[in-house]
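A short worksheet on the structure shown next.
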Amino acid sequence: MPKISRFYPKVKVWKICFMPDHIHMIVRVEDDLEKGRHLGKVVIGFKTGCNNAYWTMFNMTNPPRKGLFENGYNDKILMNDGQLDGWKAYLDDNPRRLLMKRKNPQLFTLLQEVDVAGKKCQMVGNRFLLDIPDKVAVIVHRRYSEEEIASRREMWLACGERGGVLVSAAISPKEKVILREALNRGYRIILLRENGFPKLYKPSGASFDACAKGLLLQISPWDYHIEKRAITRAQCLELNRMAEVLAGEK
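Counted from 1, the sequence shown has number 230 at position 110 by our numbering; the numbering is strictly sequential.
Spelled out as structure tokens, the structure:
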């Protein structure tokens, strides 16, 4: 494999992870690059060096010759403290996640146009959670007192403890806290999402592990969008309605 630092001494490779069909790299640009050189040039140079080594290794001297890479790349600039350690851990865990996806492909397959609570929905995860009759809708209304929230929290978590399913859009901060606790406890969860799923969607972090264990189903009645936009009141009401319908409370 060609060494980037040989041609771009200001670019250091901190970590690299080889997967069956792609590569992850963490690089550090230690100083301003020369005029006309940027990260895209570095990536092109790396890919060209790999292709040349590949063609030489297999004595592929005559064009046309197929290279190892598709066009383009995806990059992410790390700006905040802790991101580097997080991405290092992500790369280290990549092979394990791939193995889990290959062992349980049905849990990571995006399903389209599925009838859920009277809506055509997209979903990812264990669709058989819909068949479990013991479900509760986790919805924290503004009118609830702290005592009522505490009482309902115990009821909702008790459902998860006995093997039932918590259904929620996790819209309010207190709903998010309860769903996070249920996720950490390993309870079954149906999560209703405002945003749909991109073509190559895969859950991450604790959600990935829950999905791999068949403990999570994510559902959205709307298509995926890339805009950063706040959820509307009408959407909140619709997702909460769906949660109540799935839980048999409406």
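Even glycine gets a Cβ: it sits at the ideal position worked out from N, Cα and C.
Keep in mind that this is a model prediction, so the values were computed, not measured.
Alpha carbons only, please: which of the options is nearest the one belonging to residue i?
{"i": "K322", "options": "M275, L359, N214 and P253", "result": "N214"}
{"i": "R349", "options": "V365, N315 and K333", "result": "N315"}
{"i": "L211", "options": "Y307, H142, S271 and S292", "result": "H142"}
{"i": "H345", "options": "F317, K135 and W276", "result": "F317"}
{"i": "R148", "options": "K155, K132 and P140", "result": "K132"}
{"i": "E301", "options": "K319, E274 and L320", "result": "E274"}
{"i": "A326", "options": "H144, E266, R308 and F189", "result": "R308"}
{"i": "R185", "options": "W175, D343, N191 and Q232", "result": "W175"}
{"i": "E369", "options": "E347, V256 and R353", "result": "V256"}
{"i": "Q226", "options": "L153, M180, E266 and K333", "result": "K333"}
Whole-angstrom Cβ separation of residue i and residue j, contact assumed at under 8 Å?
{"i": "C331", "j": "F228", "result": "7 Å"}
{"i": "I146", "j": "K208", "result": "7 Å"}
{"i": "M362", "j": "L303", "result": "About 20 Å; that fails the 8 Å criterion."}
{"i": "Q242", "j": "L250", "result": "That pair is no contact at about 14 Å."}
When the distance is taken between beta carbons, is residue j closer than 9 Å to residue i?
{"i": "I252", "j": "G283", "result": "yes"}
{"i": "G280", "j": "L337", "result": "no"}
{"i": "P341", "j": "V258", "result": "no"}
{"i": "V260", "j": "A367", "result": "no"}
{"i": "R217", "j": "F138", "result": "no"}
{"i": "R306", "j": "L335", "result": "Reading off the sequence shown, one finds Gly at residue 306, where the question assumed Arg. It is a contact, given that the beta carbons lie within the stated cut-off."}
{"i": "I291", "j": "I339", "result": "no"}
{"i": "A289", "j": "C356", "result": "yes"}
{"i": "K155", "j": "H144", "result": "no"}
{"i": "R222", "j": "V234", "result": "no"}
Whole angstroms is fine: what's the gap from residue i's alpha carbon to residue j's?
{"i": "D254", "j": "V285", "result": "6 Å"}
{"i": "K240", "j": "E150", "result": "50 Å"}
{"i": "K161", "j": "N171", "result": "15 Å"}
{"i": "M177", "j": "G169", "result": "12 Å"}
{"i": "M121", "j": "A173", "result": "With a pLDDT of 48 at M121, under the threshold of 50, the modelled position of this residue cannot be trusted; read the value that follows with caution. If you take the alpha carbons of M121 and A173, they lie about 7 Å apart."}
{"i": "P140", "j": "D195", "result": "19 Å"}
{"i": "R353", "j": "M220", "result": "37 Å"}
{"i": "V365", "j": "G238", "result": "9 Å"}
{"i": "I197", "j": "L159", "result": "11 Å"}
{"i": "E268", "j": "N224", "result": "39 Å"}
{"i": "P441", "j": "S324", "result": "Absent from the structure is residue 441, since the part of the chain shown begins at 121 and ends at 370."}
{"i": "F189", "j": "L320", "result": "18 Å"}
Decide if the region 295 to 306 is in contact with the region 191 to 205; the criterion is three or more beta carbon pairs, one per stretch, under 8 Å apart.
Not touching, per the Cβ criterion.
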